[in-house]
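Step one of this worksheet: look at the structure below.
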Amino acid sequence: MERRKRRTQKLIIDTFFLLLNEKPFDKITVNQITILADINRGTFYLHYQDKYELLEKTIKTYINQMDQYCLHNQEMTINSLTLAFNYLKENYNFIEPLLRNEGYQLFQHELKSSISSFIETSDLFDLRVVSILKRRAIISTILGTIEWWLAEDELNTAPSEIAAELKDIIFSIIT
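Position 99 of the sequence shown, counting from 1, maps to 99 under full-length UniProt numbering, and the rest follow consecutively.
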């Protein structure tokens, strides 16, 4: 049963993002999702309350996967930053439609929350030494770099290059 549930959720999410690539979020309906996914509305509502919950849960899932994939250790190394940027690049087809839609604010909020949590628990940032203002500057720097890389640079700069520069910037803030 669990496997079938995951498969159905993946079908709904894939269909949702197919539509999100074609039209704005506010023009997408649950009916359109179910017709294109070839499922009935009842099946959709077994998994999600509405399209807003679908968007929210999907964003949270991707951010949680990124956390597990690259931020599982408590050190901010070039390797962990490179993994984070590689993850974003590999999932660009998911993220890119959000940059043009209402989901971007939610994506940005969840990403900021993830970065904040990482910094608050990281061994690198001794909270007794690194002030709240510096931590906020680091969070803004990471978030701003991700936004620039996805929206303006369009992934032209290699993840390893972005990670190396970002690490230098972060350490210049700390010291």
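For every residue, glycine included, the Cβ atom is placed at its ideal position computed from N, Cα and C.
Predicted model, so just to flag it, every value in this text is computed and none were measured.
query: Three-state secondary structure (DSSP) at S131?; result: coil
query: Between which residues of its own chain and F25 is the CB-CB distance below 8 Å, once the five residues before and five after are set aside?; result: K51, L55, N101, E102, G103
query: Does R135 pass the burial test, meaning 16 or more other C-beta atoms within 10 Å, or should it be called exposed?; result: buried
query: Please go through the same chain and pick out, in chain order, the residues whose beta-carbon is closer than 8 Å to the beta-carbon of residue 178, but skip the five residues on each side of it.; result: Since the first residue shown for the chain is 1 and the last is 175, residue 178 is missing from the structure and cannot be characterised.
query: Taking I95 as part of the alpha helix (DSSP H), name the residues at either end of that continuous run.; result: 92 to 99
query: Closest to R6 by CA distance: which of F44, L20, A84, N31 is it?; result: F44
query: By Cβ distance, which residues of its chain are closer than 6 Å to C70, with the 5 residues on each side in sequence left out?; result: S80, L83, A84, Y87
query: Using 10 angstroms around the beta-carbon of F171, count the other beta-carbons present and answer buried if the total reaches 16, otherwise exposed.; result: exposed
query: Using alpha carbons as the reference points, say which of E154, P97, I95, D67 lies closest to I119.; result: D67
query: Under 7 Å from any heavy atom of the ligand SAH, does the C-beta of I173 make it?; result: The ligand content of the structure shown is nil, which means the ligand SAH is not present either.
query: Could you check if W149 is buried or exposed, using at least 16 other CB atoms within 10 Å of its CB as the buried criterion?; result: buried
query: Taking 8 Å as the cut-off, decide whether the C-beta atoms of K167 and I78 are in contact.; result: yes
query: Between S160 and K89, what straight-line distance do the alpha-carbon atoms span, to the nearest angstrom?; result: 12 Å
query: For N31, which option in G144, V130, I12 has the closest C-alpha, if you only look at C-alpha atoms?; result: I12
query: With 16 as the cutoff for other CB atoms within 10 Å, does T175 come out buried or exposed?; result: exposed
query: The alpha helix (DSSP H) with S113 in it runs from where to where?; result: 103 to 121
query: Within 10 angstroms of its Cβ, does L133 collect 16 or more other Cβ (buried), or is it exposed?; result: exposed
query: Quick one: what does DSSP say Q49 is sitting in, helix, strand or coil?; result: coil
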